[in-house]
Each structure stands twice: as C-alpha cells, then as structure tokens.
Amino acid sequence: MENPYQIIQNVSVTEKSHTLVENNQYAFIVHPKATKKDIKRAVETIFERKVSAVNVMNRKGKTRRNRFGLGRRADWRKAIVTLKKGEEAIELF
Numbered sequence: 004m005e006n007p008y009q010i011i012q013n014v015s016v017t018e019k020s021h022t023l024v025e026n027n028q029y030a031f032i033v034h035p036k037a038t039k040k041d042i043k044r045a046v047e048t049i050f051e052r053k054v055s056a057v058n059v060m061n062r063k064g065k066t067r068r069n070r071f072g073l074g075r076r077a078d079w080r081k082a083i084v085t086l087k088k089g090e091e092a093i094e095l096f
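Sequence positions in the sequence shown follow my numbering and run 4 to 96.
Written out as structure tokens, the structure reads:
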C-alpha cells in the first residue's frame with residue numbers, strides 16, 4: 004500500500020483509547036490488508052513520530068437482521084500503535 008492516508012482510515016475514539024493515551028499508545032482503524040510495517044510507516048509519515056510497536060487485531064462484522072432477512076456489517080481491522088519513549092503526544096482529541 005502506497006498512500007499512508009489509505010492505510011489509516013480513522014482514529015478509534017472510545018473510552019479505552021483515551022486510557023491508552025496515558026501509556027503513549029494510540030488506536031486506529033486501518034485498512035484490512037495493511038501490514039504492521041505499512042501501519043508503522045503511515046503513522047511515522049502522517050504524524051512525524053517514531054513508533055516502537057504495532058499490535059493489530061481483526062474484528063468480525065456483526066450479523067444483523069433487517070426487513071430483507073439477515074445482513075452483515077463489514078469486517079474491520081484495529082491497530083494499537085505505541086510510540087517510542089520521549090516522543091511528543093499526538094493531538095487527536
């Protein structure tokens with residue numbers, strides 16, 4: 004993946020992601036085919052911070068009922084990025 008703005012799609016704004024900021028960690032919704040190296044490169048280019056670790060988890064979309072029968076939400080991927088010690092915080096919120 005070439006474009007870093009296609010790799011990082013959104014910032015995950017949840018209560019847990021607010022508590023992760025205290026540990027210099029940030030949660031992002033990323034492209035489902037992005038690798039850890041792609042995510043690391045994208046964060047370093049977009050936010051200009053050094054990354055020490057990237058943890059990735061795949062989330063399955065929920066099955067929902069609607070008037071046409073069963074439907075399904077899209078699968079998505081979440082990345083928790085840890086910045087190196089001494090790096091400034093990223094202003095997201």
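Even for Gly, the Cβ is constructed at its ideal location relative to N, Cα and C.
Residue environment, residue i, which counts as buried when at least 16 other CB atoms sit within 10 Å
i	result
Phe71	exposed
Val46	buried
Ala92	exposed
Terminal residues of the alpha helix (DSSP H) in which residue i lies
i	result
Phe31	Element bounds for Phe31: not the alpha helix (DSSP H) but the beta strand (DSSP E), Gln28 to Val33.
Ile11	Unbroken run through Ile11 is the beta strand (DSSP E), Ile11 to Val14; no alpha helix (DSSP H).
8 Å Cβ shell around residue i - same chain, five flanking residues per side excluded
i	result
Leu23	Tyr29, Ala30 and Ile83
Thr48	Pro7
7 Å Cβ shell around residue i - same chain, five flanking residues per side excluded
i	result
Phe50	Ile93
Any non-hydrogen atom of the ligand FMN closer than 7 Å to residue i Cβ
i	result
Lys87	Because no ligand of any kind appears in the structure shown, any question about the ligand FMN cannot be addressed here.
Residues near residue i in its chain [Cβ-Cβ closer than 6 Å; skip 5 each side]
i	result
Lys87	Lys53 and Ser55
Asn13	Ile32
For residue i, the first and last residue of its enclosing beta strand (DSSP E)
i	result
Leu86	Trp79 to Leu86
Would you list, in sequence order, the uninterrupted beta strand (DSSP E) runs of no fewer than 3 residues that lie entirely inside the region 41-76?
54-62, 66-69 and 72-75
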